[in-house]
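Here my numbering is used: the first residue of the sequence shown is 8, the next is one more, and so on. Written out below as structure tokens is the structure these notes cover.
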Amino acid sequence: MKHRLTQYAHGGGCACKIPPDELESMVSGLLGDVSPQLLVGLDSGDDAAVVQISDRTAIVSTADFFTPVVDDAYDWGRIAAANALSDVYAMGAAPILAINLLCWPRNVLPLDLVQQVLQGATDIAAQAGCPIAGGHSVDDPEPKYGMAVTGTCAAEQLMRNDAGQPGVPLSLSKPLGIGVLNSRHKATGETFPQAVEVMTTLNAQAAANALAAGIRCATDVTGFGLLGHLFKLARASGVSAVVDSAAVPYLEGAREALRDGYVSGGTQRNLEWVRPHCDLSAISEAEALLLADAQTSGGLLVAGEIPGAPVIGELVPRGEKVITVR
Numbered sequence: 008m009k010h011r012l013t014q015y016a017h018g019g020g021c022a023c024k025i026p027p028d029e030l031e032s033m034v035s036g037l038l039g040d041v042s043p044q045l046l047v048g049l050d051s052g053d054d055a056a057v058v059q060i061s062d063r064t065a066i067v068s069t070a071d072f073f074t075p076v077v078d079d080a081y082d083w084g085r086i087a088a089a090n091a092l093s094d095v096y097a098m099g100a101a102p103i104l105a106i107n108l109l110c111w112p113r114n115v116l117p118l119d120l121v122q123q124v125l126q127g128a129t130d131i132a133a134q135a136g137c138p139i140a141g142g143h144s145v146d147d148p149e150p151k152y153g154m155a156v157t158g159t160c161a162a163e164q165l166m167r168n169d170a171g172q173p174g175v176p177l178s179l180s181k182p183l184g185i186g187v188l189n190s191r192h193k194a195t196g197e198t199f200p201q202a203v204e205v206m207t208t209l210n211a212q213a214a215a216n217a218l219a220a221g222i223r224c225a226t227d228v229t230g231f232g233l234l235g236h237l238f239k240l241a242r243a244s245g246v247s248a249v250v251d252s253a254a255v256p257y258l259e260g261a262r263e264a265l266r267d268g269y270v271s272g273g274t275q276r277n278l279e280w281v282r283p284h285c286d287l288s289a290i291s292e293a294e295a296l297l298l299a300d301a302q303t304s305g306g307l308l309v310a311g312e313i314p315g316a317p318v319i320g321e322l323v324p325r326g327e328k329v330i331t332v333r
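Listed below in structure tokens is the structure:
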């Protein structure tokens, strides 16, 4: 029997995140311990937590898991692992250890599918040079998988989302459109190898290129879409951003999927969240939805120029709107 994993979950991939406005309300005021060793915590909504453990070294910690984004169990494991590792790369760190986070409807889906999920994750972690050592599992009505990842970096090379400066270009290391293609896949069963290829590609090289260029401001583009993650970066940095919509790369088939109505609820919520802070008057509603498209294991959004990543805009002094799209 062929199991379509996406049919066992109400959402898919990073599109099943709690909406950003609700999430910010939930964590508002939860500052916890403000130890001087805590370099990055809840304040700016960055990609991972960072603690300095010596004069030169910092530890980066993150966790990420989600419901199936594709029907193939092995590919889902690969995508989920690459997505979890991305948070570490976005901070300029190298992953050193991961543990599995697994929820599984054990009386509904066969256990051999779990083995495929875990094998996919293991293979991606091996590419990253990051061992997976154990984890935690629960019996759950919905399948979910991801990882908690620990990394290390040189404290002075930390990349963070509140370090943006006016006059700096913005580069994007992967094309957009993952969300609408995944929505089409979930609804129709059509497969999109180009989307799987992007989602399973590690952000390791993009991060290495950014570090080599001396870049200190970056984030990854996942469930809140390009506009959502750029809004968080610009807001945290006290700057505004201008996006050249014509320069933003998209996956083949993304515009057709949007045209045919395959837009997730997460993407629609992303756009409504950022709309009051954006000037979108120069583009269509369809273009705005693509820019807000909920990505899974998307690329790095870097404040600077790096090889292989098109420049899609720039940071500018804070204006009336946080983001202007032209």
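Idealized CB from N, CA, C, for every residue including glycine. Model, not experiment: these values are computed from the prediction.
Per-residue burial, residue i [other beta carbons within 10 Å of its own, 16 or more giving buried]
| i | result |
| --- | --- |
| LYS239 | buried |
| ALA293 | exposed |
| HIS17 | exposed |
| ARG266 | exposed |
| GLN44 | exposed |
| MET206 | buried |
| ASN277 | buried |
| SER32 | exposed |
| ILE6 | The requested residue 6 is not part of the displayed model; the chain covers only 8 to 333. |
| ALA133 | exposed |
| PRO27 | buried |
| ALA289 | exposed |
| GLY153 | buried |
| ASP50 | exposed |
| THR195 | exposed |
| GLY2 | Outside the displayed range of the chain (8 to 333) lies residue 2, so it cannot be described from this structure. |
Proximity below 8 Å, CB of residue i to CB of residue j
| i | j | result |
| --- | --- | --- |
| LEU308 | ALA243 | no |
| CYS285 | LEU234 | yes |
| ASP54 | ALA97 | yes |
| GLY273 | SER180 | no |
| VAL175 | SER247 | no |
| LEU287 | VAL249 | no |
| LEU165 | GLY99 | yes |
| THR303 | ASN90 | yes |
| ALA336 | GLN59 | There is no way to answer for residue 336, as the model of the chain reaches only from 8 to 333. |
| ASP94 | VAL156 | yes |
| ALA3 | VAL57 | The chain is shown from 8 up to 333; residue 3 falls before or after that span and cannot be answered. |
| ALA170 | CYS137 | no |
| GLU149 | TYR15 | yes |
| LEU92 | PRO102 | yes |
| SER168 | VAL76 | One point to set straight first is that residue 168 is Asn, not Ser, in the sequence displayed. No. Outside cutoff. |
| ALA261 | GLY184 | yes |
| ALA241 | VAL121 | no |
Cut-off 6 Å between Cβ atoms - residues of its own chain near residue i, not counting five sequence neighbours on either side
| i | result |
| --- | --- |
| GLU259 | GLN201 |
| ASP78 | ARG11, LEU12 and THR13 |
| GLY127 | TYR81, GLY84 and ARG85 |
| ALA213 | SER180 and LEU307 |
| GLY52 | LYS239 |
| ALA299 | GLY232, LEU234, THR274, ASN277 and LEU278 |
| PRO283 | none |
| SER144 | LEU109 |
According to DSSP, residues forming a beta bridge with residue i
| i | result |
| --- | --- |
| GLY158 | VAL67 and PRO102 |
| LEU46 | LEU46 pairs with nothing; no bridge assigned. |
| PHE199 | The partner list for PHE199 (beta bridge, DSSP) is empty, contrary to what the question assumes. |
| LYS151 | CYS110 |
| VAL58 | LEU45 and ILE66 |
| VAL76 | Bridge partners of VAL76: none, in fact. |
| ASP146 | TRP111 |
| SER178 | VAL309 and VAL318 |
| LEU183 | TYR257 |
| VAL332 | VAL250 |
| ARG167 | CYS224 |
Sequence-distant residues of its chain with Cβ nearer than 8 Å to residue i (five each side left out)
| i | result |
| --- | --- |
| ASP147 | CYS110, TRP111 and PRO112 |
| ALA5 | There is no way to answer for residue 5, as the model of the chain reaches only from 8 to 333. |
| ARG63 | ALA161, ALA162 and GLU163 |
| LEU177 | LEU237, ALA248, VAL250, LEU308, VAL309, ALA310, VAL318, ILE319, GLY320, GLU321 and LEU322 |
| GLU312 | PRO176, SER178, ALA220 and VAL318 |
| GLY326 | SER247 |
Chain-order list of residues whose beta-carbon lies under 7 Å from that of residue i (same chain, five-residue window excluded)
| i | result |
| --- | --- |
| LYS151 | PHE72, PHE73, THR74 and CYS110 |
| ALA211 | TYR96 and ALA135 |
| LEU296 | LEU265, VAL270, THR274 and LEU278 |
| PRO314 | ASN216 |
| SER68 | ALA55, ALA56 and THR157 |
| THR129 | ILE139 |
| THR198 | HIS192 |
Contact test: residue i Cβ vs the ligand SAH heavy atom, cutoff 7 Å
| i | result |
| --- | --- |
| ASP62 | For the ligand SAH, the structure offers nothing, since it holds no ligand at all. |
Sequence ranges, beta strand (DSSP E) only - wholly within the stretch 222-260, length at least 3: 225-227 and 246-250
Mind pulling the alpha helix (DSSP H) runs of 4 or more residues that sit fully within the stretch 251-330? 261-266, 272-281 and 292-298
Tell me the start and end of each unbroken alpha helix (DSSP H) in the stretch 85-144 that is at least 4 residues and wholly inside, in chain order. 118-135
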